[in-house]
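> Attaching a single structure in structure tokens format; questions to follow.
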Amino acid sequence: MTMLLAITGGSDGWAPERWRERLRQHLPEMDFVIAGVDDFDPAAIRYAAVWKPTKGYLATLPRLSLIFNLGAGVDAVMADPTLPDVPLVRVATDDLTNRMSEYVLLHVLMAHRRQAPLASAQKRRQWDGRLQWAAKDLRVGVMGLGVIGTDAVHKLAMVGFNVAGWSRTPRSVPGIACFDGAAGLDDFLARSDVLVVLLPLTAQTRGIVDRVLLRKLPHDGPLGAPVLINAGRGGLQIEDDILAALDDGTLGQATLDVFNTEPLPSDHPLWSHPRVTITPHNAADSDAEAIAAYIAAQIRSHECGAALANVVDRTRGY
Ligand code: NDP
Ligand code: OXD
């Protein structure tokens, strides 16, 4: 059995050779070949493990039966119009989920405890004792109540925030105000002092964070102006609208992990905006060891006839 590794982008730890070593430890009986490096017969490939594969490449593998996306978001794979009609499995591991929730908690707490103005007061050697409020007084809204969003809302609620979530279909999460669909969006936004975006990028969600949406966020919360945190995908946001909203007071601050163009070009105005925090798409650095173990476990159970977990629904796009 042969698995193809078609991996572009990612950090140094994501070098295809390193993936091959890790996967070999978990699947010693499997042969691994690397796209663009090894010579191989396309008809020998049964499995593919991919991250941002070149469009059209997977369609050249006539006996491909299963694709593993090496991350949670499958937008880059789904953008390939020639994607073979075989199951596409995405990552949903506790490791990735926990890291994403850490990011959400960190940045919600930074806004709640006004860490940015405190840090700038320190630079001025200014003893700036600012008013505090209780976590229950801050309304946090999470767009996306999937694997990551559900974990994040639980953890935010444990800290004491007043938490709501929004999803495509109705969801019920104990202790969380749940909204869904277009009909539930405005009410959800109207009670989100901090808006956390954890949506997948699909045809329906592309560009959803625009000036119209940002204007629906409230200004009567303890922070005065709303805060945006996007760790979903850059394609969800209209960056010019975010900049305009920051400048005209619609938005108080923004923390962005993901961008329409990555890496964010060095001359992009978001870099220097005083109320923007930028992180380099590392809200959750996927742990290759955890993912290799996850892929091996899925292959073993699949080969014993069990159903695959976390298979992408092609019609929904996530
Ligand atoms: P899931 O597929 O488990 O959850 C997706 C959620 O989004 C679901 O609640 C779904 O609704 C909701 N949703 C999808 N489309 C819509 C829509 N049109 N309107 C309203 N809600 C919608 O995904 P995960 O939680 O695992 O991951 C979410 C995203 O996080 C990934 O797709 C990826 O882009 C991003 N991510 C970013 C990382 C980073 O480092 N920045 C790391 C990992 C992930 P429903 O419940 O009804 O299906
Ligand atoms: C992912 C990511 O989707 O790291 O897993 O962005």
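Taking my numbering, I'd label the letters of the sequence shown as residues 5 to 322. The C-beta atom is built at its ideal place from N, Cα and C for all residues, glycine as well.
Distance check for K220 and A186, CA to CA, integer angstroms please.
The alpha-carbon atoms of A186 and K220 are separated by roughly 13 Å.
> Across which residues does DSSP place T6 in a beta bridge pair?
Paired residue(s): D35 and I49.
> To which residues of the same chain is P174 closer than 6 Å at the C-beta, ignoring the five residues directly before and after it?
For P174, where only same-chain residues beyond five positions count, the Cβ hits under 6 Å are D184.
> Could you give the distance in angstroms between the alpha-carbon of H30 and the alpha-carbon of L68?
Distance between the alpha carbons of H30 and L68 is about 21 Å.
> To which residues does DSSP link T259 through a beta bridge?
Answer is I233 and T281.
> Could you tell me the boundaries of the beta strand (DSSP E) in which V213 lies?
That residue, V213, is in no beta strand (DSSP E); it is neither H nor E in DSSP.
> For the segment 159-225, list the beta strand (DSSP E) runs that are entirely contained and at least 3 residues long, ordered along the chain.
Listed in chain order, the complete beta strand (DSSP E) runs (minimum 3 residues) inside the segment 159-225 are 166-171, 181-184 and 198-201.
> Check I295 in the structure and name its three-state DSSP category.
Helix at I295.
> Around the ligand OXD, what residues have a beta-carbon under 7 Å from a heavy atom of it, in chain order?
Taken from the N-terminal end onward, the list reads G75, A76, G77, V95, L100, H285, A288 and S290.
> Given a cut-off of 9 Å, decide if G225 and R143 are closer than it, judged by their beta-carbon atoms.
Yes; because the gap between Cβ atoms is below 9 Å, this pair is in contact.
> Tell me the rounded alpha-carbon separation between G239 and A63.
About 25 Å.
> L70 lies in the beta strand (DSSP E); which residues open and close that run?
L70 -> beta strand (DSSP E) spans L70 to N73.
> On the three-state DSSP scale, how would you describe Q241?
Looking at Q241 - three-state DSSP - the assignment turns out to be strand.
> State the CB to CB distance for the pair A115 and V231, rounded to an integer number of angstroms; the pair is presumed to be in contact (CB under 8 Å).
With 8 Å as the limit, A115 and V231 qualify as a contact, their Cβ atoms being about 5 Å apart.
> Looking at W170 and the ligand NDP, is the gap between the Cβ and the nearest heavy atom below 8 Å?
Correct: W170 has its Cβ closer than 8 Å to the ligand NDP.
> Determine the burial state of P66: buried for a count of at least 16 other Cβ atoms within 10 Å of its Cβ, exposed for fewer.
With fewer than 16 other Cβ atoms within 10 Å, it is exposed.
> Measuring only the C-alpha atoms, how far is P46 from F36?
If I take the Cα positions, the gap works out to 12 Å.
> First and last residue of the beta strand (DSSP E) that includes R143?
Counting along the chain, the beta strand (DSSP E) containing R143 begins and ends at R143 to M147.
> Going by the DSSP bridge assignment, what does W55 pair with across the sheet?
Beta-bridge pairing links W55 to I11.
> For a test of your reading of the model: does the CB of D191 fall under 8 Å from any non-hydrogen atom of the ligand NDP? Yes or no.
Flag unset: Cβ of D191 not near the ligand NDP.
> DSSP three-state call for L113: helix, strand or coil?
Of the three classes helix, strand and coil, the one that applies to L113 here is helix, per DSSP.
> Using a Cβ-based criterion (distance less than 8 Å to any ligand heavy atom), does A47 qualify as near the ligand NDP?
False, no ligand heavy atom lies under 8 Å from that Cβ.
> Going by C-alpha distance, which of G17, V177, A123 and N286 is nearest G268?
According to the sequence provided, residue 268 is Leu. The question's Gly does not apply to it. Per the Cα distances, N286.
> Less than 8 Å separating the Cβ of R282 from some heavy atom of the ligand NDP?
A quick correction: the sequence has Ile, not Arg, at residue 282. No.
> By Cβ distance, which residues of its chain are closer than 6 Å to L193, with the 5 residues on each side in sequence left out?
Taken in chain order, the residues that qualify are K220 and L221.
> Tell me, which residues are paired with L62 by DSSP?
L62 is not bridged to any residue.
> Which residues mark the beginning and the end of the alpha helix (DSSP H) in which S124 is found?
S124 -> alpha helix (DSSP H) spans Q119 to K127.
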